[in-house]
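*Asks:* One structure, pasted below without further comment.
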Amino acid sequence: MKQNNLCIYNSLSRQKELFRPLHEGRVGMYVCGPTVYGDGHLGHARPAITFDVLFRYLRHLGYAVRYVRNITDVGHLEHDADEGEDKIAKKARLEQLEPMEVVQHYLNRYHDAMARLNVLPPSIEPHASGHIIEQIEYIKKILEAGYAYESNGSVYFDVPKYNADHHYGKLSGRNIDELLSETRTLDGQQEKRNPADFALWKKAQPEHIMRWPSPWSDGFPGWHLECSTMGEKYLGETFDIHGGGMDLKFPHHECEIAQSVAHHGHDSVRYWMHNNMITINGQKMGKSLGNFITLDEFFTGSHPMLTQAYSPMTIRFFILQAHYRSTVDFSNEALQASEKALDRMLDGWRRLADVKPSPESTIAAEVDALTDKCYEALDDDLNTPIVIAHLFEAVGLINKVRDGHATATAGDVDKLRELFDTFLFGVLGVCADADVSDAKALEPYRGAVDLLLTVRSEAKSKKDWATSDLIRDQLATLGFAVKDTKDGVEWSLK
Ligand code: ZN
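Oh and the sequence shown: position 222 is 206 in the numbering used here, straight run, nothing missing.
The following block contains the structure:
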């Protein structure tokens, strides 16, 4: 194991702390995964990439890492955490599907997008719906401890009671007293003693299709509970790292802390890490704002706000060019700059193959220093933009040698190659064929697909629907989506 002093920012203590794993040599890491009811977007890409880099770096340092990233497939409700209809169940009802068909459909698409972003799969990817028994047992413990109450078949966490004994709000730093003194009763929340109380178990309404038996009612668990339960199941009562987007600090992670303190008497997590958010042209992303761009739309350029397609590696590089605790603002200009930067980086790396080694070196000291500098940057709370800056220094050295302004030995060349292998391709997880955007990747097929679509439109004009459908369906089997529009026909890679 490398003897590095990895420092990470602990959201709970609000300072950088020297990372010391709980179990010698093994790291337990839990990251809140997606709610699978829609296509992945940039907001999914950032935590996935941030914690992928941490996962890769910890493994590079020699730790065995058990990385758990959950799948929320029940209990994440439409309007707020406690009321309304489950999003997945609603879609299933509207489209007459099994809820698990909806989950599997979006999960497949999520996995596909993650693979294209070169995000490694986690060690365990547990589903909330697969851990109902464990969640019921967890609720029983909180009830026994006196921090929850049953009301009309539902079970709520008693926030004022908990806050009197412990501190509710220590992670987010919110003024919870203000929240607790609110006397207003929200619609549909009469079951709760206090508006701040959150659901551990909800009794299902008659139309609710995702339901399980419990001691309190046929119902389903509250959203916050799954992470406490599955974190403990796979990583133990206390584990090292819990990550997620900053938007999850409150209420989700605050509630997780309350649940584990109520159950065990202590927080389960030693280091809380949160990545900052992505804005689009300075605005929060949101469906109602019309700036909600899915990853697929980035990869194909098929959103009106995009002036071109961006390869998954451009997206990855763009995200890594900012420190994970800074906000990132998306714009076409910013992504185009990232695309150019990545091209420049990879061109520099390729040029290394053409470097003619000399017996003497004028850059040996600089080459030697770069490896240490990259480790230092990563050890300083995963400072990926600084690592990238050092890799550009390496590109600068390669260019100097190529232009005859410096000389490098065969040993220098090997070290530079290792520098890229370790940091660019290894820890940062960039792929070398990254400059091939989807649009470029399609070029070889473009002529053939266009030809087939011309034949199809001929067939259509002769009302030969069988041939027309056959061509469309066969293209679909081969992975090309064909869409008839009022202006003609469009196609893309599925
Ligand atoms: Zn979670």
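Each residue gets a CB set at the ideal place from its N, CA and C atoms; glycine is no exception. None of these values were measured; they are calculated from a predicted model.
What residues in its chain sit with their C-beta under 7 Å from that of E216, if we drop five residues either side in the sequence?
*Replies:* Within the sequence shown, the letter at position 232 stands for residue 216. S252.
*Asks:* Using 8 Å as the cut-off, can you tell me whether the region 133 to 141 makes contact with the region 319 to 334, which would need three or more C-beta pairs spanning the two stretches below that distance?
*Replies:* Flag = no, the region 133 to 141 and the region 319 to 334 do not touch.
*Asks:* Go ahead and label S198 buried or exposed: buried means 16 or more other beta carbons lie within 10 angstroms of its beta carbon, across all protein chains shown.
*Replies:* Numbered from 1 along the sequence shown, position 214 holds the residue referred to as residue 198. Under this definition S198 is a buried residue.
*Asks:* So for K0, helix, strand or coil by DSSP?
*Replies:* Counting from 1 along the sequence shown, the entry for residue 0 is found at position 16. Strand at K0.
*Asks:* Does ligand 1 have a heavy atom nearer than 8 Å to the CB of L232?
*Replies:* As a working note, residue 232 is residue 248 in the sequence shown. Yes, since a heavy atom of ligand 1 falls inside the 8 Å radius drawn around the Cβ of L232.
*Asks:* Where does G17 fall in DSSP's three states?
*Replies:* If you number the sequence shown from 1, residue 17 lands on position 33. The answer is coil: DSSP assigns G17 none of H, G, I, E or B.
*Asks:* Give me the residue from E128, M257 and L81 with the minimum Cα distance to N(-6).
*Replies:* Taking the sequence shown and counting its residues from 1, the one referred to as residue -6 is at position 10. Selected option, being the one with the closest Cα: M257.
*Asks:* Are there 16 or more other CB atoms within 10 angstroms of the CB of H226, so buried, or fewer, so exposed?
*Replies:* Locating residue 226 in the sequence shown gives position 242, where the first residue counts as 1. Buried, because 16 or more other Cβ atoms sit within 10 Å of the Cβ of H226.
*Asks:* For G228, verify whether its CB is less than 8 Å away from any heavy atom of ligand 3.
*Replies:* Looking at this structure, you won't find ligand 3 anywhere; what it does contain is ligand 1.
*Asks:* Please go through the same chain and pick out, in chain order, the residues whose beta-carbon is closer than 8 Å to the beta-carbon of P369, but skip the five residues on each side of it.
*Replies:* For the purposes of this step, residue 369 is taken as the residue at position 385 of the sequence shown. Taken in chain order, the residues that qualify are L304, Q305, A306 and H307.
*Asks:* Between the beta-carbon of P106 and the beta-carbon of R43, is there less than 9 Å?
*Replies:* Here residue 106 refers to the residue found at position 122 when the sequence shown is read from its first residue. Here residue 43 refers to the residue found at position 59 when the sequence shown is read from its first residue. Cβ distance not < 9 Å, so P106 and R43 don't count as in contact.
*Asks:* Got a sec? Which residues, its chain only, sit under 7 Å from V414 by beta carbon, not counting five neighbours each side?
*Replies:* By one-based count along the sequence shown, residue 414 stands at place 430. Closer than 7 Å at the Cβ level, and outside the excluded window around V414, lie M297, R300, F301 and L408.
*Asks:* Apart from the five residues just before and just after A48, which ones in its own chain have a Cβ nearer than 8 Å to its Cβ?
*Replies:* As a first step, residue 48 must be located in the sequence shown, where it is residue number 64. Cβ within range, chain order: G9, R10 and V11.
*Asks:* Is E79 a contact residue of ligand 1, with contact defined as CB to any heavy atom under 8 Å?
*Replies:* On the sequence shown, position 95 is the one that residue 79 refers to. E79: no, Cβ never under 8 Å from ligand 1.
*Asks:* If the criterion is Cβ atoms closer than 9 Å, does the pair A246 and K125 meet it?
*Replies:* Taking the first residue of the sequence shown as 1, we reach residue 246 at position 262. Taking the first residue of the sequence shown as 1, we reach residue 125 at position 141. Contact flag set, yes.
*Asks:* Only counting runs of 3 or more residues, tell me where the beta strand (DSSP E) segments fall wholly within the region 116 to 200, in order along the chain.
*Replies:* The region 116 to 200 contains these whole beta strand (DSSP E) runs: 132 to 135, 138 to 141 and 182 to 187.
*Asks:* The alpha helix (DSSP H) with D211 in it runs from where to where?
*Replies:* On the sequence shown, residue 211 is found 227 positions in, with the first residue counted as 1. One point to set straight first is that residue 211 is Cys, not Asp, in the sequence displayed. Residues W207 to L219.
*Asks:* Within its chain, find whatever has a CB closer than 6 Å to the CB of K26; leave out the 5 residues flanking it on each side and keep chain order.
*Replies:* Stepping through the sequence shown from its first residue, residue 26 is reached at position 42. Note that residue 26 is Leu in the sequence shown here, rather than Lys. Only I262 meet the Cβ criterion.
*Asks:* How big is the Cα-Cα spacing for Y294 and E402?
*Replies:* The residue you call residue 294 lines up with position 310 of the sequence shown. The residue you call residue 402 lines up with position 418 of the sequence shown. Their Cα atoms are separated by approximately 28 Å.
*Asks:* Looking at N54 and ligand 1, is the gap between the Cβ and the nearest heavy atom below 8 Å?
*Replies:* Numbered from its first residue, the sequence shown carries residue 54 at position 70. Yes.
*Asks:* Would you kindly report the start and end of the unbroken beta strand (DSSP E) that includes G229?
*Replies:* Residue 229 sits at position 245 when you count from the first residue of the sequence shown. Run containing G229: F223 to G229, per the beta strand (DSSP E) assignment.
*Asks:* Closer than 8 Å: is that where the CB of C(-9) sits relative to any heavy atom of ligand 1?
*Replies:* Here residue -9 is taken as the residue at index 7 of the sequence shown, counted from 1. False, no ligand heavy atom lies under 8 Å from that Cβ.
*Asks:* DSSP three-state label for C415, please.
*Replies:* The residue you call residue 415 lines up with position 431 of the sequence shown. Correct three-state label for C415: coil.
*Asks:* Any chance the CB of H208 is under 8 Å from a heavy atom of ligand 1?
*Replies:* Here residue 208 corresponds to residue number 224 of the sequence shown, with the count starting at 1. Under cutoff, so the answer is yes.
*Asks:* Just tell me which of Y90, K71, P110 and Q80 has its CA closest to the CA of Y51.
*Replies:* The residue given as residue 51 occupies position 67 in the sequence shown. It is P110.
*Asks:* Need the endpoints of the beta strand (DSSP E) that R254 sits in, please.
*Replies:* Here residue 254 refers to the residue found at position 270 of the sequence shown. It spans V253 to N259 - the beta strand (DSSP E) in which R254 sits, taken as one unbroken run.
*Asks:* Assign A361 to one of two classes, buried (16 or more other C-beta atoms within 10 Å of its C-beta) or exposed (fewer than that).
*Replies:* Residue 361 sits at position 377 when you count from the first residue of the sequence shown. By the neighbour-count rule (16 or more Cβ atoms within 10 Å), A361 is buried.
*Asks:* Less than 9 Å between the beta carbons of N(-12) and L45, yes or no?
*Replies:* Taking the sequence shown and counting its residues from 1, the one referred to as residue -12 is at position 4. Taking the sequence shown and counting its residues from 1, the one referred to as residue 45 is at position 61. In contact: N(-12) and L45 (Cβ atoms closer than 9 Å).
*Asks:* Can you tell which of L2, F283 and K186 has the C-alpha that lies nearest to the C-alpha of G24?
*Replies:* Taking the sequence shown and counting its residues from 1, one reaches residue 24 at position 40. Answer by Cα proximity: F283.
*Asks:* By the three-class DSSP mapping on this structure, what secondary structure does R309 have?
*Replies:* Position 325 of the sequence shown, counted from the first residue, corresponds to residue 309. Three-state DSSP puts R309 in coil, outside helix and strand.
*Asks:* Tell me whether H115 counts as near ligand 1, meaning its Cβ is closer than 8 Å to at least one heavy atom of that ligand.
*Replies:* Against the sequence shown, residue 115 aligns to sequence position 131. Incorrect: H115 has no Cβ contact closer than 8 Å to ligand 1.
*Asks:* Indicate the three-state DSSP secondary structure (helix, strand or coil) for F276 in the structure shown.
*Replies:* By 1-based counting over the sequence shown, the position of residue 276 is 292. F276 falls in the coil class under three-state DSSP.
*Asks:* Along the beta strand (DSSP E) that carries V49, what are the first and last residues, could you check?
*Replies:* Residue numbering aside, residue 49 sits at position 65 when the sequence shown is read from its first letter. Where V49 is concerned, the enclosing beta strand (DSSP E) stretches over A48 to R53.
*Asks:* So what's T263 in DSSP terms, helix, strand or just coil?
*Replies:* Here residue 263 refers to the residue found at position 279 of the sequence shown. Here T263 sits in strand by DSSP.
*Asks:* Looking at C-alpha atoms only, which residue of H7, I72, L459 and V397 is the closest neighbour of F223?
*Replies:* Walking along the sequence shown from the start, residue 223 turns up at place 239. F223 has its Cα closest to that of H7, out of H7, I72, L459 and V397.
*Asks:* Could you tell me which of A348, V312 and K384 sits nearest to V339, measuring between CA atoms?
*Replies:* Translated into positions along the sequence shown, residue 339 becomes position 355. Nearest option by C-alpha distance: K384.
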